[in-house]
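Respectively, the protein sequence lines represent chains A and B. Here the numbering used here runs 5 ahead of the position in the first sequence, where the first position is 1. Here the numbering used here runs 16 ahead of the position in the second sequence, where the first position is 1. One structure below.
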Amino acid sequence: MTAPLHEPAAEAAPSAVDEATVAATGATAVQGRSLGRIAWERLKRDKLALTGGVVVLVLILVAVLAPVIAHLVGQDPETHHEDLIDPLFGTPTGSLGGISGEHLFGVEPVNGRDIFARIVYGAQISLLVGFLSAVVAVVIGTVLGVLAGFFGGWVDAVISRIMDGLLAFPQLLFIIALVSVMPDRLLGLTGTSVRVLLMIVVIGFFGWPYIGRVVRGQTLSLREREYVDAARSLGAGRFYILFKELLPNLVAPIIVYTTMMIPTNILTEAALSFLGVGVKPPTASWGQMLSSAIDYYDSDPMYMVVPGVAIFITVLAFNLFGDGVRDALDPKGSR
Amino acid sequence: MLAYLIRRLFAAAVMLVVVILAVFCIFFVFPKWAGVDIASSFVGKQADPAAVEAVRAKLGLDDPVYSQVWEFFKGIFVGRTYVGGGDVTHCAAPCFGYSFRTEQAVWPVLTDRFPVTLGLALGAAVLWLVFGVAAGVLSALKRGSLWDRGAMVVALAGVSLPIYFTGLLSLAIFAYGLGWIDGQYVPIGDSFSGWLGGMLLPWITLAFLYAAMYARITRATMLEVLGEDYIRTARAKGLKEQVVIRKHAMRSTLTPILTMLGMDLGALIGGAILTETTFSLPGLGQKVLDAIKNQDLPFILGVTLITSLAVLIANLVVDILYAVIDPRVRLA
């Protein structure tokens with residue numbers, strides 16, 4: 006972030022850009038360490054961050070392979086197992102919410118759906134919304150932040166006011182309001198896909214000012230650097246400076262803010278589903294499982310613990326990884 | 017100072033108009049684009065066509081958007097009379113909308129529920145400020161120590177736990193398992209000690225989340241401030257460490273905290289939706305959720321607006337406090 010080098014770009018898109026940068030600068034013979042490499046070596050030494058990263062990878066695998074995993078344990082998220090339910094209280098028979106070799110995390114009260122399968126499928130919704138809404142926020146935030154910082158003047162004034170305004174809004178409430186007034190049928194989509202799409206767009210929309218503010222500030226300070234002056238005096242056009250000189254140096258802060266935004270977005274998705282404006286049943290989502298668990302917190306506590314712990318582990322893993330990435334990419338870092 | 021105040025007040029007024037426009041768009045314009053018949057969503061899913069038409073006339077939904085906004089805006093100050101479908105409904109000022117589904121004006125319901133939410137937000141804020149900021153400052157001063165590591169692990173866990181999960185857990189443990197606390201909300205007018213008992217768990221749960229956030233931010237800000245040149249100057253001229261911390265470092269550490277406090281408190285006063293739902297507190301947040309479940313749009317709209325107002329006012333107060341804490345703001 007301080008040193009105007011191309012290397013942080015190599016960090017973002019490892020192979021292709023790496024070769025391009027190396028070829029362009031003819032640096033093949035040089036044995037120096039790039040900023041990306043320094044960051045990676047710092048990250049490798051950060052045990053907590055690595056653990057977080059590994060857990061994140063495992064979670065992504067679980068989400069992608071959900072149908073396979075559910076099939077392996079012989080369960081699916083929507084089959085009812087009423088025979089495992091105490092007809093009098095509606096809670097699972099057997100100890101700890103009906104945990105058994107067959108039902109690893111037990112079964113849900115009343116209808117006896119397998120909790121393990123629902124957790125595995127729920128990971129799909131959580132991660133999908135968490136990642137894609139962060140992508141939406143990063144794209145809008147980077148474009149508008151760069152525009153504001155690079156062009157200044159009234160462009161900056163307008164964009165900055167919009168960002169201030171959005172940051173001052175009570176976001177959760179606006180997200181809830183927006184998601185709840187929208188219809189169940191949109192752009193030819195129905196059911197779960199509409200809710201997921203809505204959540205991605207709305208959460209992303211309220212998230213972009215956080216990225217936008219950082220990118221704007223960085224752009225403002227970067228465009229006054231000598232190397233940008235040098236490029237300009239060599240006759241480089243605006244767009245060359247924008248894409249070749251500025252953007253590569255913005256990659257590090259953008260990566261940091263993206264990794265820190267994903268866990269927040271996952272929590273927001275869970276909150277929306279908890280409140281009943283997110284994904285609709287019978288589609289499994291962690292937030293919605295917790296919300297049905299409210300009625301059983303005394304009679305079947307496992308029903309609440311399992312999705313709660315799932316959310317906790319996911320968000321914690323992302324936070325640990327995000328903190329590690331931030332420390333690793335911090336040019337002031339001492340390690 | 018006066019010029020600064022006037023500027024902030026003007027900015028707040030502009031924001032207010034923008035917020036009203038935004039809220040209006042969310043409820044009246046965007047759904048229209050998405051192909052929703054707004055009138056029928058104000059009446060209910062099984063409404064007969066005559067009732068839908070009546071609401072359409074009452075709200076003037078076929079009028080241009082600017083005149084709808086103007087009618088709504090005017091209603092806040094002078095009240096509003098809805099005419100249509102052969103009957104007349106009056107909504108006294110300040111009219112923040114009227115629910116044709118429950119035949120209730122929005123404002124009185126909101127003022128009824130406001131004290132619950134206010135009590136929750138303020139009580140929790142005191143707790144999280146005291147514990148969060150203290151933990152953050154201590155961690156920064158003893159960087160790398162056992163305390164620092166311990167506190168930051170707890171804080172990281174705190175920001176990773178959804179509040180409705182910690183809330184349910186604490187209910188299961190303290191109210192159901194150990195039986196220490198009743199877990200029932202009692203209005204403050206009925207019994208003060210009952211109210212305290214009912215609010216204790218919500219306060220602690222809510223404060224835990226925010227204290228974790230504030231501790232992390234305080235620690236980071238404090239460490240940054242301690243690296244500034246003016247701190248070195250203060251030490252170099254022989255000030256006691258205590259004075260350097262209290263008089264020089266704390267002042268700049270507190271400004272970003274204050275900004276956060278303004279936004280967080282404002283948003284919470286407008287309804288701590290998740291906390292109120294988890295603990296069944298009859299506040300604004302719970303009302304919003306009920307309204308969402310019943311698709312009772314005027315209440316969602318009303319609370320959204322009130323919350324935005326609360327955030328605006330909180331930010332204004334913060335801006336004024338800024339001027340007190342930070343002399344640079346006054347002079348700018």
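Every residue gets a Cβ at the ideal spot worked out from N, C-alpha and C, and that includes glycine.
Euclidean distance between Cα positions of residue i and residue j
{"i": "L53 of chain A", "j": "G195 of chain B", "result": "37 Å"}
{"i": "V320 of chain A", "j": "L272 of chain A", "result": "7 Å"}
{"i": "A165 of chain B", "j": "S155 of chain B", "result": "Note that residue 165 of chain B is Arg in the sequence shown, not Ala. Using only the alpha carbons, I get a separation of about 8 Å."}
{"i": "V220 of chain A", "j": "A66 of chain B", "result": "53 Å"}
{"i": "M17 of chain B", "j": "R24 of chain B", "result": "11 Å"}
{"i": "L277 of chain B", "j": "G212 of chain A", "result": "19 Å"}
{"i": "L217 of chain B", "j": "A265 of chain B", "result": "34 Å"}
{"i": "I43 of chain A", "j": "L252 of chain A", "result": "20 Å"}
{"i": "L177 of chain A", "j": "V151 of chain A", "result": "27 Å"}
{"i": "G283 of chain A", "j": "E69 of chain B", "result": "30 Å"}
{"i": "A108 of chain B", "j": "R96 of chain B", "result": "6 Å"}
{"i": "V327 of chain B", "j": "K74 of chain B", "result": "31 Å"}
{"i": "F190 of chain B", "j": "S297 of chain A", "result": "20 Å"}
{"i": "T323 of chain B", "j": "I308 of chain B", "result": "16 Å"}
{"i": "A250 of chain B", "j": "Q258 of chain B", "result": "11 Å"}
{"i": "I167 of chain A", "j": "L77 of chain A", "result": "50 Å"}
Per DSSP, cross-strand counterpart(s) of residue i
{"i": "D119 of chain A", "result": "A:V112"}
{"i": "I90 of chain A", "result": "A:P97"}
{"i": "Q120 of chain B", "result": "B:S115"}
{"i": "Y98 of chain B", "result": "B:T105"}
7 Å CB neighbourhood of residue i in its chain, flanking five on each side removed
{"i": "Q125 of chain A", "result": "The sequence shown places Val at residue 125 of chain A, rather than the Gln named in the question. Cβ neighbours of V125 of chain A beyond the five flanking positions: V67, A71, I74, A75."}
{"i": "D342 of chain B", "result": "T271"}
{"i": "Q129 of chain A", "result": "A68, A71"}
{"i": "T221 of chain B", "result": "I179, T182, G183, S186, T291"}
{"i": "L325 of chain A", "result": "L53, A54, T56, G57"}
{"i": "F130 of chain B", "result": "L300"}
{"i": "V202 of chain B", "result": "G210, W211, G214"}
{"i": "Q302 of chain B", "result": "E292, T293"}
{"i": "S304 of chain A", "result": "F94, T96"}
{"i": "P298 of chain B", "result": "R129, V132, Y201"}
{"i": "F110 of chain A", "result": "I104, I120, F121, I124, V311"}
Cβ neighbours of residue i in the same chain (closer than 6 Å, five flanking residues each side left out)
{"i": "I329 of chain B", "result": "none"}
{"i": "G148 of chain B", "result": "A227, Y230, A231"}
{"i": "P110 of chain B", "result": "I92, W123"}
{"i": "R235 of chain B", "result": "G152, S155, A156"}
{"i": "D161 of chain A", "result": "A153"}
{"i": "A333 of chain A", "result": "A44, R47, L48"}
{"i": "A139 of chain A", "result": "T263, M266, I267, N270"}
{"i": "I164 of chain A", "result": "L149, A153"}
{"i": "A28 of chain A", "result": "Any reading at A28 of chain A needs caution, since the residue's pLDDT is 49, under 50, leaving its predicted position unreliable; the model's value is listed next. Cβ neighbours of A28 of chain A beyond the five flanking positions: none."}
{"i": "Y301 of chain A", "result": "P114, Y308"}
{"i": "G135 of chain A", "result": "I267, N270, I271"}
{"i": "I216 of chain A", "result": "A142, V143, G146, Y262"}
{"i": "G127 of chain A", "result": "A289, S290, W291"}
{"i": "E83 of chain A", "result": "P287"}
Sequence-distant residues of its chain with Cβ nearer than 8 Å to residue i (five each side left out)
{"i": "G31 of chain A", "result": "Note that G31 of chain A scores 48 on pLDDT, short of 50, meaning its location in the model is unreliable; the coordinates nonetheless yield the value given after this. The answer is none, since no qualifying residue turns up."}
{"i": "L21 of chain B", "result": "I336, A339"}
{"i": "Q80 of chain A", "result": "E107, H108, D119, F121, A122"}
{"i": "G205 of chain B", "result": "none"}
{"i": "L203 of chain A", "result": "L183, V184, M187, L191"}
{"i": "F89 of chain B", "result": "I36"}
{"i": "L247 of chain A", "result": "V151, F155"}
Near the ligand SAM: residue i beta-carbon under 7 Å from a heavy atom
{"i": "I104 of chain A", "result": "Absence of the ligand SAM from the depicted structure is noted, as is the absence of any ligand whatsoever, leaving it without description."}
Chain B contacts made by the segment 295-308 of chain A, where a contact means CB separation under 8 Å: L295, S296, A298, I299, Y302, D303, P306
If you measure beta-carbon to beta-carbon, which residues of the segment 123-135 of chain A are closer than 8 Å to chain B? none
Restricting to runs no shorter than 4 residues, where is the alpha helix (DSSP H) found entirely within the segment 124-161 of chain B? 150-157
Using a Cβ-Cβ cut-off of less than 8 Å, give me the residues of the segment 163-174 of chain B that come near chain A, in sequence order. L172, A173
Between the segment 264-281 of chain A and chain B, which residues of the former have CB atoms less than 8 Å from a CB of the latter, in chain order? P268, L272, A275, A276, F279, L280, G281
Along the segment 33-49 of chain B, what residues have a CB closer than 8 Å to any CB found in chain A? V34, V35, A38, V39, I42, F43, F46, P47
What ranges does the beta strand (DSSP E) occupy inside the segment 248-334 of chain B, keeping only unbroken runs of at least 3 residues that lie completely in it? none
Quick one, which residues of the segment 161-177 of chain A are near chain B if we go by CB-CB under 8 Å, in chain order? G170, L172, A173, F174, P175, Q176, L177
Could you run through the segment 316-341 of chain B and flag, in chain order, every residue whose CB is less than 9 Å away from some CB of chain A? I316, L317, V319, T320, T323, S324, A326, V327, L328, N331
Completely contained alpha helix (DSSP H) runs for the segment 152-229 of chain A, where each covers 4 or more residues: 158-173, 176-186, 196-227
Inside the segment 248-318 of chain A only - alpha helix (DSSP H) runs reaching at least 4 residues: 252-280, 291-298
Which residues of the segment 173-187 of chain B have a Cβ closer than 8 Å to any Cβ of chain A? Give them in chain order. A173, V175, S176, L177, P178, Y180, F181, L184, L185, L187
Members of the segment 313-327 of chain A that neighbour chain B once the beta carbon cut-off is set at 9 Å: G313, V314, I316, F317, I318, T319, V320, L321, A322, F323, N324, L325
With 9 Å as the limit, tell me which residues of the segment 138-152 of chain A have their beta carbon closer than that to any beta carbon of chain B; keep them in chain order. none
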